[in-house]
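Asks:
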Amino acid sequence: MEAVESNQTGDQAAVWVENETNEKAPPETLDNCLLWNIIFGAFADNVGTSGLNPMCLSPLAFIQYYRNFWVLGLTPVMSLNAYKWISTLIAIMIIPSAVVSPQVFKKMGAAGACVSGNIVTAAVTVVLLYVATAAPATSGWFGAFVAILYTGFPVTVFSQLSTGPMLDAISPASKRGYTQGLNTSALNFGQALTPWLLGLLADATSTSVAIWTCVGVSLFAAVVNVPLLFRDGLGPPKKVKQMPAEGHRGLVGEDDELVEKVLRGEYVPVSMVDKLNEERIKLGKQLLVQRYGQYSDNTTSDLEKLRQNAKSDFKHLLKRKELFVGDLNKGEARAAVCERINAAMNRLDENDITEVNQELGVWFTDYLKDNGYRDVHMSATATKQMIMSAFPSITQEKEFTPENIEATLLDSQRVYRKFVCLEDQEELYTKSVRQLIASKGSRPIVY
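Numbering (this note's numbering), first residue to last: 2 to 448.
(1) By the three-class DSSP mapping on this structure, what secondary structure does N23 have?
(2) Measuring straight from C-alpha to C-alpha, what distance separates Y1 and M79?
(3) Tell me whether F392 sits in a helix, a strand or coil according to DSSP, three-state version.
(4) Short of 6 Å in beta carbon distance, which residues of its chain neighbour K322, apart from the five on each side in sequence? Order them along the chain.
(5) Would you kindly work out how many angstroms separate the C-alpha atoms of D275 and D257, rounded to a whole number?
(6) Do you know offhand how far I120's Cα is from I282's?
(7) Once the 5 residues before and after P77 are set aside, which same chain residues still bring their CB inside 7 Å of it?
(8) Smallest Cα separation from Y179: which of K419, Y374, L36, H378?
(9) Would you list, in sequence order, the uninterrupted alpha helix (DSSP H) runs of no fewer than 4 residues that lie entirely inside the segment 332 to 383?
(10) What does a CB cutoff of less than 8 Å around I395 pick up in its chain, not counting 5 residues either side in sequence?
(11) I'd like to know if the segment 160 to 169 and the segment 108 to 125 are in contact, where contact means that at least 3 CB-CB pairs between them fall below 8 Å.
(12) Could you check the C-alpha separation between P270 and M109 for me, to the nearest Å?
(13) Between the Cα of N47 and the Cα atoms of R335, I149, C115, which residue gives the shortest distance?
(14) Cα separation between F451 and V132?
(15) Can you round the beta-carbon distance between F420 and F315 to whole angstroms, since I take them to be within the 8 Å contact cut?
(16) Under 8 Å by Cβ, that's how I've got R335 and I406 pegged, so tell me the actual separation to the nearest angstrom.
(17) Are the beta-carbon atoms belonging to L202 and A211 less than 8 Å from one another?
(18) Along the chain, where does the alpha helix (DSSP H) containing F159 start, and where does it finish?
(19) Alpha carbon to alpha carbon, what distance is there between P155 and L230?
(20) Start and end of the alpha helix (DSSP H) containing M109?
(21) Assuming G294 and G113 make a contact with CB atoms under 8 Å, what is their CB distance in whole Å?
(22) Would you identify the three-state DSSP class for L198, choosing helix, strand or coil?
(23) Tell me which residues share the same chain as S51 and place their Cβ nearer than 7 Å to its Cβ, disregarding the 5 neighbours each side in the sequence.
(24) In whole angstroms, what separates the C-alpha of G42 from that of Q291?
(25) For P28 versus I171, is the C-beta spacing smaller than 8 Å?
(26) Based on Cα-Cα distance, which residue from R341, Y268, N54, L319 lies nearest to L288?
(27) Can you give me the C-alpha to C-alpha distance between D371 and N358, rounded to a whole angstrom?
(28) Does the beta-carbon distance from M94 to T208 come in below 8 Å?
(29) Span of the alpha helix (DSSP H) holding N226?
(30) Assign V100 to buried or exposed, taking buried as 16 or more other Cβ atoms, counted over all protein chains shown, within 10 Å of its Cβ.
(31) Output the boundary residues of the alpha helix (DSSP H) element that contains T50.
(32) Rounded to whole angstroms, what is the Cα-Cα separation between A223 and G141?
(33) Between the Cα of A148 and those of V128, A135, P166, spot the shortest distance and give me the residue it belongs to.
(34) Among N330, L188, T366, K312, which has the Cα closest to the Cα of L423?
This is the structure in structure tokens:
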């Protein structure tokens, strides 16, 4: 996925574009410097890999675990049949590398896998050289040698498998045959020449010197390939900004600042939230879920403002229910209305709902503790009844149906009307108390 920032007036919304593939369009021209960097690095890697296979196996393992015993008339640790099977099966270890390599390239980039493969080739070769020459030639150490060889070899192959994808990434479509053919020719030339040169070096010095030379060449190949890490499309993929869920961001055409206030739990008139969500229902998008925040973040002044705002919200909700019932009685297909509302509610993220429910529970209990209800933990039955009295049942159905929608709306009207009346009474009481205090009268007794 990739995000394209909207250029529309003052709108900070992002237009999210779903890409079916992550492949970039091929370049129009071939970068020859980059081409020869890849070819030369692959050639050096091919030379360095010769120290691991075949040299660590033959002549190193053959000499240490077979010929040295045979010359002395002793039973070799490694039989000829074992040597043949080890030599044959090592080729099969390329299969795991081929299976895993696409995921490795996706995480590290082809160049990252190439450099890592160069370094691992050098490291595995050094370990095998130590086991074969410094450790005693016993069956146990021979088993360790084979285990290290078979474990490390698949990782070393990543560097060889990465060359093809890198060449495809830098080549125009019309040049891919040329670049791949050039790479194959270079590798075949190296495979033909390297064993002969290493053989001459081993004869002039020793097998260990020839293998150490290959270790150096593998590390040199890593250095040659390091610049590729910083080339776009070859190195580790850049982290792509993930698209937030629809319920966590503004959509195109929405007021981003308003949406952010809703998501942060700041006060937004419910009429405006309704307007946003009504459009989302029409578009089949996820609804916005308003957060409760923490009770401790509210000052006394904030709670007074909350009371004033809630009264207008109650009246809007009551009016909305009345209009909804009226629309139903005008003949709109109830089944279609129920289906539309249920679909919108089902699109809500369950994790969001769980978090908001938890916030509500904490806010409610913090309010009780801060406002004199200190014994609620000792009177569970009474407290539950208080909650049920304040919030009488509207419906126990999980979804709207043509049979229950009107009754549900009427019951919810009744609840909101009760809260509007309570706020009107509280406002009237507060006003009368202030008038009496201002006139130095006595505080009325409220029955």
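Cβ coordinates follow ideal geometry from the N, Cα and C atoms, glycine included.
Replies: Quick answer:
(1) Residue confidence is low: N23 scores 46 on pLDDT, short of 50, so the model does not pin down where it sits. Its coordinate-derived value is still stated next. In the displayed model, N23 falls within coil according to three-state DSSP, outside both helix and strand.
(2) Nothing can be reported for residue 1: it is not among the residues displayed for the chain, which extend from 2 to 448.
(3) DSSP places F392 in coil when its eight states are reduced to three.
(4) Excluding residues up to 5 positions away in sequence, L410, S413, Q414 lie with their Cβ nearer than 6 Å to the Cβ of K322 in the same chain.
(5) Taking the straight line from one Cα to the other gives about 15 Å.
(6) In a straight line, the C-alpha of I120 is about 55 Å away from that of I282.
(7) Same-chain partners within the cutoff: Y66, Y67, F70, W71.
(8) For Y179, the nearest C-alpha among the options comes from L36.
(9) Under the rule that a run must span 4 or more residues, the alpha helix (DSSP H) segments found entirely inside the segment 332 to 383 read 335 to 347, 351 to 371.
(10) Counting only Cβ-Cβ distances below 8 Å, and skipping sequence neighbours, we find T409, D412, S413, V416.
(11) Short answer: they touch.
(12) P270 and M109: Cα-Cα distance of roughly 48 Å.
(13) Nearest C-alpha to N47: C115.
(14) In the structure as shown, the chain starts at 2 and stops at 448, and residue 451 therefore has no counterpart that could be examined.
(15) Taking the Cβ atoms as the reference, F420 lies roughly 5 Å from F315, within the contact range of under 8 Å.
(16) Contact flag correct, Cβ pair sits at about 6 Å.
(17) By the CB criterion at 8 Å, L202 and A211 fall inside the cutoff.
(18) Where F159 is concerned, the enclosing alpha helix (DSSP H) starts and stops at 159 to 162.
(19) If you draw a straight line from the Cα of L230 to the Cα of P155, it is about 22 Å long.
(20) Residues 95 to 134.
(21) Between the beta-carbon of G294 and that of G113 there is about 43 Å, and that puts the pair past the 8 Å contact cut.
(22) Of the three classes helix, strand and coil, the one that applies to L198 here is helix, per DSSP.
(23) Within its own chain, the residues whose Cβ lies closer than 7 Å to the Cβ of S51, once the five positions on either side in sequence are excluded, are T195, P196, L199, C215, listed in chain order.
(24) Those two C-alpha atoms are separated by around 56 Å.
(25) Taking C-beta atoms as the reference points, P28 and I171 count as a pair closer than 8 Å.
(26) The candidate whose alpha carbon is nearest that of L288 is R341.
(27) Their Cα atoms are separated by approximately 20 Å.
(28) A distance of 8 Å or more separates the beta carbons of M94 and T208.
(29) For N226, the enclosing alpha helix (DSSP H) starts and ends at 208 to 226.
(30) It counts as exposed.
(31) Following the DSSP letters along the chain, one finds T50 inside the alpha helix (DSSP H) bounded by residues 33 to 51.
(32) Spanning the two alpha carbons is a distance of roughly 33 Å.
(33) Nearest C-alpha to A148: V128.
(34) When each option's Cα is compared against that of L423, the closest is K312.
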